[in-house]
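Residue numbers are given in our numbering: position 245 of the sequence shown equals residue 245, and the series is strictly consecutive. Below is one structure, written out as structure tokens; the observations come after it.
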Amino acid sequence: MDTSKWALDIAEKIHQKELSVVERNNNRIPYTTDQGKFDDWSEDGKICWWTNGFWAGMLWQLYHAFGDTSFMTCAKNIESKLDKNLMNYMGMDHDSGFKWLLTAGASYELTKSDASKNRFMLAAGNLAGRFNLNANLIRAWNDSGNGDTSGWAIIDCMMNLPLLYKASELTCDPRFTQIAMAHADRAMEVFIREDGSSHHIITFDPNTGAILKPLGGQGMDEGSSWTRGQSWALYGFSLSYRHTKKESYLTTAIKVADYILSQIPVSNRIPVDYKQPKDCSWEDDTAAAITASGLLLLSEELLSTDASRSKKYKDTAIGLLQTLATESCNWDNSVDHFLENCSAAYHDEKHNFAIIYGDYYFIEAILRLCNKEIFLW
Ligand code: GLY
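Written out as structure tokens, the structure reads:
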């Protein structure tokens, strides 16, 4: 099969479905669906949720690829709603990249709006301020039900570093990149295990910076291998390489990618944790989609220096995307989501349901494959 043609066909199917979805959901910020209908996280108590940028990110991707203004209008509306989060100090955490790269960043890229640039820089400044100078790590969450988390850092944060790299580009001020690289350098040392897998959480003494212990976080256990965490590591180090060209980030991204490739089941259906029992049917399409998109990026980076590895990563990404498209996607235009088998965390009660960031990365990867993506990281 001609994969570019396949990806273009899938992109058009996504486009047609999303025209209906946006029409009936132009005032919502969804996380998941209930009987195929988006929920809404735009109320006060929910506006700071880390996934609140992904629907807007999907809409900007589709606006860029196909030009329908209904996508842009809805995305801009979401960006304004997120100002309540920007003005809520305790609601700001390490996930500002997920929220403002995909909203204000996208908007600035496509419309050059000063208001969007302002939001982007406020979010970047806050993220930079979370850096712990002794640990050389960006603090993850605030104290939100987990006790004192002032000495917690998580692998997911690698995905948020582009907010800092881009802030340096926008302002010609290297401080943001210095902080991003200091975090990435330390993350390589403390998160990535010998076999190329990644811890989810590392705890450290917030005063001395001394590393205390890793925690299993959203995976099965400490020492196991939470699949979305592996995909954040793969994609995150690839992004730091894209922005800085520092060789050790590339080596680390390859090490993680090769580990992931050694774990992907022949079915291409990604579990919640690569170490979960074989008879456990919990899956995570988000991990599949993020892995696919990250592998496509890494494949691009390796194209001129290591063509065979580049091809291997691209082929693996295509396999994952084709499996998602044929076995996990809901193509019914009256249903608001695409992917049906996502999981937020191994120990959650609920598994195999729709989650908005699964759909974002699926769409991003498909558009990347057919050269219709706007690069938002
Ligand atoms: N960044 C949180 C998660 O991946 O669930």
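Note that CB positions come from ideal geometry on N, CA and C, so glycine has one too.
What's the C-alpha gap between residue i and residue j?
| i | j | result |
| --- | --- | --- |
| H337 | K13 | 13 Å |
| D346 | Y235 | Reading off the sequence, residue 346 comes out as Tyr, not Asp. If you take the alpha carbons of Y346 and Y235, they lie about 21 Å apart. |
| M1 | S334 | 29 Å |
| C21 | C74 | This sequence places Val at residue 21; Cys is not what is there. Cα to Cα, the separation comes out at about 11 Å. |
| N88 | M121 | 16 Å |
| G217 | L369 | 32 Å |
| I10 | T3 | 10 Å |
| L19 | G219 | 35 Å |
| D279 | M58 | 34 Å |
| L320 | K311 | 14 Å |
| D94 | A128 | Note on identity: in this sequence residue 94 is His, with Asp being the wrong assignment. Taking the straight line joining both Cα atoms gives about 9 Å. |
| I270 | I260 | 10 Å |
| T171 | N160 | 18 Å |
| K350 | W50 | 19 Å |
| L376 | E109 | 8 Å |
| G45 | K255 | 40 Å |
| I318 | A325 | 10 Å |
| Y31 | R24 | 16 Å |
| D34 | T316 | 32 Å |
| R242 | L101 | 16 Å |
| T203 | G145 | 16 Å |
| D185 | R130 | 16 Å |
| I192 | Y313 | 20 Å |
| K400 | K117 | Since the displayed the chain opens at 1 and closes at 377, residue 400 lies outside it and no answer follows. |
Can you find a heavy atom of the ligand GLY that lies under 7 Å from the Cβ of residue i?
| i | result |
| --- | --- |
| Q218 | yes |
| A253 | no |
| D95 | yes |
| D156 | yes |
| W331 | no |
| W141 | no |
| R130 | no |
| A344 | yes |
| R24 | no |
| W50 | yes |
| R228 | yes |
Would you mind giving the Cβ-Cβ distance between residue i and residue j, rounded to the nearest angstrom? I have them listed as a contact below 8 Å.
| i | j | result |
| --- | --- | --- |
| M78 | I47 | A small fix is needed here, since residue 78 is Ile in this sequence, not Met. The Cβ separation is near 10 Å, so there is no contact. |
| S231 | A287 | 5 Å |
| H183 | I138 | 5 Å |
| E301 | S238 | 6 Å |
| G209 | N132 | 6 Å |
| A153 | A167 | Not really, about 20 Å apart at Cβ, beyond 8 Å. |
| T227 | D284 | 5 Å |
| Y292 | A365 | At residue 292 the sequence reads Ala, which differs from the Tyr that was named. Right, their Cβ atoms sit about 5 Å apart. |
Based on the DSSP output, what are the partners of residue i in its beta bridges?
| i | result |
| --- | --- |
| T203 | W152, K213 |
| P271 | E283 |
| T329 | Checking the sequence, you will find Cys at residue 329 rather than Thr. Its beta-bridge partners are L339. |
| L137 | N132 |
| S198 | I192 |
| K245 | Per DSSP, none; premise fails for K245. |
| W226 | D273 |
| F362 | The partner list for F362 (beta bridge, DSSP) is empty, contrary to what the question assumes. |
| F353 | C342 |
Just mark residue i as buried or exposed, buried being the case when its beta carbon has 16 or more other beta carbons within 10 Å.
| i | result |
| --- | --- |
| K81 | buried |
| G67 | exposed |
| N52 | buried |
| D359 | buried |
| N136 | buried |
| K112 | exposed |
| V272 | buried |
| S262 | exposed |
| S343 | buried |
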